[in-house]
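To start, the structure itself, in structure tokens.
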Ligand SMILES: *[C@@H]1O[C@H](CO)[C@@H](O)[C@H](O)[C@H]1NC(C)=O
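Residue numbers (our numbering): 30 to 1004.
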């Protein structure tokens, strides 16, 4: 009988040494778009960080205030810095320090120098006021000292020009312009510094040029150009050529017939350059000039009409200070982009048209290189670009350009071919929603038809349907072995078919529809690493403005997504394809303050709420059934109910909550729309039950008083308007974020405040803290308080006694210290609510998202003593006042997810899993399992060994059974 032991041994040896069911799924289920924002024409350039190496990086400071370096070879981010956090104005400036490993940025009120290779800060300096322009002083003498920086500020209505030392950013000198002129630009040619400002009023400005000595900062001269008839706003001035041998300032006359140019330093001289009309009127004129002192003083004028564009190259004669036309680039249809690059003294202009890329030298009109444009489809046309021209041999050139397209992609074009593209338009998301992939309804519909027809025809119908289905049988049989193998072999499960949107058995495949501040909509496939399914330019948002989206909602029944903006604009698109179904332009409907998804008699819909919290009349067939909570004109919180009269329903204010004097309402949160509760009580260690206070009609209102440094939280009943609970915190820094969340029978919030020593464990001090409160029906276990034995209860009449007090929840609260501010809070959602919820918090200062488990945040944790065995059984452990954000809790792992505004969650079909999507500047998505993945086998589970074990046992039984039978029979005979 040696065989069975061998078999057993064999069987066991097949089993893996450990069952790692909970494999770390980091970087596998999660996805991250590391974005910059849309590069700006004046802050995007190629720069060589190391003097002796040829390699360049692509630098940009985007419209969102993100400074970044991108590898031009493959398009990945080398480093990023988010500078826009505190900047009020998003106009930033970025300049390279030629020949050095430095770039200098200025945004808001600060100027910083960065190591161009690593992105580390070299120095930073902060001033009052706002930056208006920045230049790096180009000293043609090749001394080793770091180049100094000129920063032009507007502060208290005056202009300040500061020379900052290149080594440490300290102010070398400061020039204050005592007048109230609007500072516009600073420029320099080695000998002089020029400050250009607008003098006058919006009825027309003259240009004032102040000339300063670069060494002392003393004013040496000043002159004014009469431009009142042409310049009405800073945008009307086209360009001040910066660091060049002959910097210029240019503008067009009002009808765009002439370009007017002054060579800075040439007092009172305005040169007229006629603009040639191409097709129809000129609509846009742009100037491009090199930024280096050693470059030839040439510039190009690029003029657009609605249908075509053309360009003229001009040369500046340095000795006579005159300008003459050198040559013209032909008129071409469509939009185009021209960029300038220089190598030593040579200046190159790269022209991107609809179908080719052309490189010319500024010196003569001969074409140095021409490449047909081969782009992937649907890129739109080019808006602006930055180029790098390299001379390979005496007469061969190569060019690569990073261009921004009208579809808001950032595309690298290398000799006409597409190198890479970055979806920068996806940055700056202001609203997002989950959407289910519509189910294929065909089978359901067919079955319905069969059920309704008479038995005979239903039977015939069914037989023909099955015969029809036979055509799929060969395919099915063919795929069977593959499906079997892929399901038992370890490793990736069968990859999802690309480009096919379908639901999966686990409910991981869902869409996220997002709206960006630039007026675009995107559909992302969360089940497929967040890949873009469709994108659409919904509205044209003027530069410098943000699309104020007030509501986005995907209707699960209709398969459409509706987006409403503040100015009454509205768009409805097909959720799966992004096709526009209906839309209205801004201004065509009343201004709205917010939106809410309501449940009408027929369907759910997105109700717009007008100013002062007035939704207005709605047709009776749409009248919302629920009580609504809106905010009025002065921030007061109001309860609304729709009352139907005939064909219409009117909103009626049922209650109003006015915050105390000096307080303003900063937040109102309600329970999530999908907030199922699996258990109505907490079973305690002694088998008694604490009943949860589960009122669906509650909101948590946050109010703050800036003067008194107070923050209050009120729990309101939305039906009656009763205050169920309130609390106040002192010593609150109201400028720090205050985040809150409400779900199930608990709510939490975080703030920076005095720490009131409610418990001995917390010392009195100040800091960031998170407070959690649980609501129960009664403080006594097994007691249901006033609601005991009432099958139904009403918030309006809590008991039979008239004017009875509302049934107040028993609230247990605990506070914890946390290491940093929480920007936003949300909770995970699962299908049945059996899985414990997890609190998801964004951490703006560490660019991360942390998931804090509920067990850590349990307010019933015993304070100052070890838990009793009964408490241990409940999973309560000793209270510790500090919650450290352990790297294990960080959902984003090592990834830097910047500018996250909001985190939205959605349940999967698997009860254990909640889908998470975070948006803002970056996009990040993942899946979380707060109670671990108890309903799915992990990747590490070895199905192959399970199957082989079963087979081995079966073989063993087959082999052993006859032997055992023979032995038994033999045994009988022996006996
Ligand atoms: C959305 O597009 C898909 C595919 O074209 C189509 O089957 C579906 O009916 C459309 N839905 C709506 C609501 O138009």
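Where a beta carbon is used, it is the ideal one built from N, C-alpha and C, also for glycine.
Identified DSSP bridge partners for residue i
| i | result |
| --- | --- |
| residue 452 | Residue 452 pairs with nothing; no bridge assigned. |
| residue 110 | 96 |
| residue 776 | 771, 802 |
| residue 288 | 281, 302 |
| residue 545 | 458 |
| residue 390 | 377 |
| residue 57 | Residue 57 pairs with nothing; no bridge assigned. |
| residue 427 | 419 |
| residue 795 | 783 |
| residue 756 | 742 |
| residue 344 | 327, 353 |
| residue 413 | 433 |
| residue 155 | 139 |
| residue 228 | 235 |
| residue 62 | 952 |
| residue 144 | 131 |
| residue 335 | DSSP output for residue 335 lists no bridge partner at all. |
| residue 362 | 337 |
Proximal residues to residue i (C-beta, below 8 Å), its chain only, five neighbours per side dropped
| i | result |
| --- | --- |
| residue 694 | 660, 664, 665, 666, 688, 730, 731, 732 |
| residue 851 | 766, 768, 779, 797, 799, 870, 871, 872 |
| residue 407 | 436 |
| residue 677 | 646, 647, 648, 649 |
Backbone secondary structure at residue i - three-state DSSP
| i | result |
| --- | --- |
| residue 1002 | helix |
| residue 983 | helix |
| residue 485 | helix |
| residue 581 | strand |
| residue 495 | helix |
| residue 296 | coil |
| residue 39 | In this prediction, residue 39 has a pLDDT of 43, which is less than 50 and means its spatial position is unreliable; nothing more can be read from the coordinates. |
| residue 69 | strand |
| residue 403 | strand |
| residue 538 | coil |
| residue 505 | helix |
| residue 557 | helix |
| residue 441 | strand |
| residue 992 | helix |
| residue 972 | helix |
| residue 1052 | This structure gives no information on residue 1052, because the portion of the chain shown stretches from 30 to 1004. |
| residue 603 | strand |
Close-in-space but distant-in-sequence residues of the same chain around residue i (CB under 7 Å, 5 per side omitted)
| i | result |
| --- | --- |
| residue 621 | 579, 593, 595, 597, 637, 638, 639 |
| residue 921 | 877, 878, 953 |
| residue 617 | 597 |
| residue 641 | 661, 662 |
| residue 900 | 714, 891 |
| residue 884 | 904 |
| residue 631 | 650 |
Cα-Cα separation between residue i and residue j, rounded to whole angstroms
| i | j | result |
| --- | --- | --- |
| residue 101 | residue 561 | 23 Å |
| residue 939 | residue 707 | 15 Å |
| residue 645 | residue 626 | 15 Å |
| residue 1000 | residue 491 | 60 Å |
| residue 726 | residue 794 | 36 Å |
| residue 351 | residue 274 | 13 Å |
| residue 324 | residue 187 | 33 Å |
| residue 728 | residue 905 | 28 Å |
| residue 553 | residue 415 | 29 Å |
| residue 147 | residue 84 | 14 Å |
| residue 867 | residue 918 | 11 Å |
Neighbourhood of residue i by C-beta distance below 6 Å, restricted to the same chain and skipping five residues each side
| i | result |
| --- | --- |
| residue 712 | 718 |
| residue 523 | Any reading at residue 523 must be qualified, since the residue scores a pLDDT of 43, below 50, and its modelled position is unreliable; no value is offered. |
| residue 773 | 706 |
| residue 585 | 465 |
| residue 112 | 94, 96, 136 |
heavy atom of ligand 2 below 7 Å from residue i C-beta
| i | result |
| --- | --- |
| residue 588 | With respect to ligand 2, the structure offers nothing, as its ligand set consists of ligand 1. |
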